[in-house]
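A short worksheet on the structure shown next.
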Amino acid sequence: MKKQWVMMLVLTALLMMAAQAKADHVRIVTGDYFAPFTGRDLPDGGIMTEIVRRAFEIAGYDHAEIIWRSWRQGYDMTVKGEVEGTFPYAYTPFRARTVLFSEPVASLSAFGWYAKSRQNFETIDDLNGTALCLPLGYAELGRTSQMLATGRATRHAPPDMRTCFKLLEAGRVDIVIAPRSEAHDSIRAAGLELDHFGNIDEPLSTMPLHFVVGLNHPRAGKIMQDFNAALLELRDSGELARLLNRAQY
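Spelled out as structure tokens, the structure:
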């Protein structure tokens, strides 16, 4: 009887250790071609990939596994609780129905890009009546949101930013909405020339970028609490600023 009791205790301990090991391993999904923040071809997977990994390391997690999917698929996986989180995402009330947002990790401005061979747009007011390109899954923010909501512009939503610039080059849209770094990366990835495109100086939006966790995940609150605490430590130590400054975006 005593031997059976000891075996039960050992088995219980092993199960607890296995559960703990599983809890300390997180699977994080992100998308490609969003320089300098995420990208399979970027050093360390991009600056925000590095920050997220570092945050989970500080939080005491054994391993943060980064998996790559399309932006739409990755977000859906997060909402369903199939992974521990995704990044980087801007806050919208619609998204807040299904995910928790971390404290801001970085911020980014998006600009209106045009094909120089067709028409130069000098101000945001020049965009009335235009066809804007913003890929599927990208939020409508700032002035972009206002123009689309009031019917002053229409939206085309292809699968990715590279396609937006191909459509712009072909004259099928008038403007692409993108941050400078992502625009340059996407233009090159599409096999196009950077000097064929220009941008309006005034940003259409400036957005904080966040790590998000699906509300359906059973440990959503704990994961977000751990991430935010680690992010605060990164910020207070100056490491976060050093990482972001290194990206020079």
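Residue numbers (mature numbering (1 follows the signal peptide of the UniProt record, and there is no 0)): -23 to -1, 1 to 226. Just so you know, even glycine gets a beta-carbon here, dropped at the ideal spot from N, CA and C.
For residue i, three-class secondary structure by DSSP
i                 : result
glycine 89        : strand
alanine 217       : Just to set this straight, residue 217 is leucine in the shown sequence, not alanine. Note: leucine 217 maps to helix in three-state DSSP.
glycine 51        : helix
glycine 62        : strand
serine 122        : helix
proline 156       : coil
histidine 173     : helix
leucine 192       : coil
glutamate 99      : coil
leucine 113       : coil
arginine 212      : helix
leucine 19        : coil
arginine 74       : helix
serine 163        : helix
phenylalanine 204 : helix
alanine 41        : strand
valine -14        : Note that valine -14 scores a pLDDT of 41, beneath 50, so its modelled location is shaky; the value from the coordinates is reported in the next line. Here valine -14 sits in helix by DSSP.
alanine 32        : helix
threonine 26      : helix
valine 3          : strand
threonine 107     : strand
arginine 223      : helix
leucine 130       : Going by the sequence as given, residue 130 is alanine instead of leucine. Residue state, collapsed to three classes: strand.
Distance between residue j and residue i (C-alpha atoms, nearest Å)
i              : j              : result
valine 153     : alanine 207    : 35 Å
glycine 178    : tyrosine 91    : In the sequence on display, residue 178 carries aspartate and not glycine. Approximately 12 Å, taken between the alpha carbons.
glycine 175    : aspartate 162  : 14 Å
arginine 223   : methionine 184 : 20 Å
leucine 181    : threonine 127  : 15 Å
histidine 187  : alanine 83     : 7 Å
aspartate 137  : valine 56      : 20 Å
lysine -2      : isoleucine 164 : Its pLDDT being 41, under 50, lysine -2 is placed unreliably by the model, and nothing is read from it.
valine 60      : histidine 194  : 8 Å
alanine 170    : arginine 95    : Note on identity: in this sequence residue 170 is glutamate, with alanine being the wrong assignment. Their Cα atoms are separated by approximately 15 Å.
aspartate 39   : proline 20     : 21 Å
valine 190     : glycine 58     : 8 Å
serine 214     : alanine 36     : 15 Å
cysteine 110   : threonine 26   : 26 Å
threonine 100  : aspartate 1    : 50 Å
alanine 73     : aspartate 103  : 32 Å
isoleucine 200 : arginine 149   : 43 Å
leucine 192    : arginine 129   : 35 Å
Whole-number beta carbon distance between residue j and residue i, since they are thought to touch under 8 Å
i             : j                : result
methionine 54 : valine 6         : 6 Å
proline 70    : phenylalanine 14 : Rounded, the Cβ-Cβ distance is 23 Å, inconsistent with contact.
tryptophan 45 : arginine 17      : 6 Å
Short Cβ contact (9 Å threshold) for residue i with residue j
i              : j             : result
alanine 87     : threonine 121 : yes
histidine 133  : alanine 108   : yes
residue 227    : leucine 217   : The requested residue 227 is not part of the displayed model; the chain covers only -23 to 226.
tyrosine 10    : glutamate 210 : no
leucine 220    : isoleucine 43 : no
methionine 124 : asparagine 97 : no
aspartate 151  : lysine 93     : no
glutamate 146  : alanine 167   : yes
glycine 51     : glycine 8     : yes
proline 112    : proline 81    : no
>> With three or more beta-carbon pairs closer than 8 Å as the criterion, would you say the stretch 113 to 127 touches the stretch 75 to 82?
In response: no
>> Three Cβ pairs or more, each shorter than 8 Å: is that satisfied between the stretch 197 to 214 and the stretch 16 to 35?
In response: yes
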